[in-house]
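Taking our numbering, the leading residue of the sequence shown gets 1, the next gets one more, and so forth.
Think of the CB as a built atom: it goes at the ideal place given N, C-alpha and C, for glycine as much as any other residue.
To start, the structure itself, in structure tokens.
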Amino acid sequence: MTNIGVLASGRGSNFQSIIDSVEEGYLDRVAIKLVISDNGNARALERAEKHGIDNIYINPGDFDDDRDFEEEMISVMEDRDVDLVVMAGFMRILSPFFIRHYRNRVMNIHPSLLPSFQGLHPHKQALEYGVKVSGCTVHFADEGVDSGPIILQKAVPVKDDDTEDSLAARVLEEEHKIYPEAIKLYSEERLKIEGRRVMID
Ligand code: GRF
Numbered sequence: 001m002t003n004i005g006v007l008a009s010g011r012g013s014n015f016q017s018i019i020d021s022v023e024e025g026y027l028d029r030v031a032i033k034l035v036i037s038d039n040g041n042a043r044a045l046e047r048a049e050k051h052g053i054d055n056i057y058i059n060p061g062d063f064d065d066d067r068d069f070e071e072e073m074i075s076v077m078e079d080r081d082v083d084l085v086v087m088a089g090f091m092r093i094l095s096p097f098f099i100r101h102y103r104n105r106v107m108n109i110h111p112s113l114l115p116s117f118q119g120l121h122p123h124k125q126a127l128e129y130g131v132k133v134s135g136c137t138v139h140f141a142d143e144g145v146d147s148g149p150i151i152l153q154k155a156v157p158v159k160d161d162d163t164e165d166s167l168a169a170r171v172l173e174e175e176h177k178i179y180p181e182a183i184k185l186y187s188e189e190r191l192k193i194e195g196r197r198v199m200i201d
């Protein structure tokens, strides 16, 4: 079994797709041990509650610095034997300290075809640039922002009349498929990292 710990700051629709995939038996080798949020009002916490999943709000403001905050996150995850950390709309950048602790065991999803449009507002960036295709990327997190080895990507068309919201909705539908898929591959030990490349068995 792969024990996962989810980090989420907001809506939690990707988290929900992971919950559903476990409950439906698609992720049959995955146990969601807990969700941690840095936002006490995150819908992700309510979703966890509804599904009987341990949910913890850790207020960054209660800590002297990011290091202390991250040590607290690590400590609650270690208490629950978390193997894989899944960032699902977690709006903070993890420090090199955290990344080193969970080297190659932190996944993130970003709503663009990386390395295009890293950081905030990827859909706005995509529309402004005028790309005809956008999409989403699941990758291992490294010390950079949206920069680690890529596990899965899915493309979607950009339409002439797209707004940020309509493009985001089209991309999100695919996010909800590829995140569970990437976690499944991990849980079946089918991912092998060679430099920047992730080989799928
Ligand atoms: C998603 O688009 C994800 O790719 C990005 O933040 C958004 C989070 O949405 N990192 P949700 O909280 O999973 O609904």
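- With fewer than 16 other beta carbons inside 10 angstroms of its own, M1 counts as exposed.
- Rounded to the nearest angstrom, the gap between the Cα atoms of L127 and P115 is 16 Å.
- In this structure M77 is buried. Its beta-carbon is surrounded by 16 or more other beta-carbon atoms within 10 angstroms.
- The same chain holds no residue with a CB closer than 8 Å to that of E194 once the five nearest residues on each side in sequence are set aside.
- DSSP places K159 outside both helix and strand once states are collapsed to three, so it counts as coil.
- Around the Cβ of Y179, a 10 Å sphere holds 16 or more other Cβ atoms; the residue is buried.
- DSSP links A31 through a beta bridge to N3.
- Two segments are said to touch when three or more pairs of C-beta atoms, one from each, lie closer than 8 Å; by this definition the region 8 to 20 touches the region 35 to 45.
- Residue nearest to A168 within the set I74, L120 and F69 is L120 (criterion: CA-CA distance).
- In this structure, E175 has its CB closer than 6 Å to one or more heavy atoms of ligand 1.
- Within a 10 Å sphere around the beta-carbon of N14 sit 16 or more other beta-carbons, which makes this residue buried.
- Assignment of beta-bridge partners to L172 by DSSP yields no partner.
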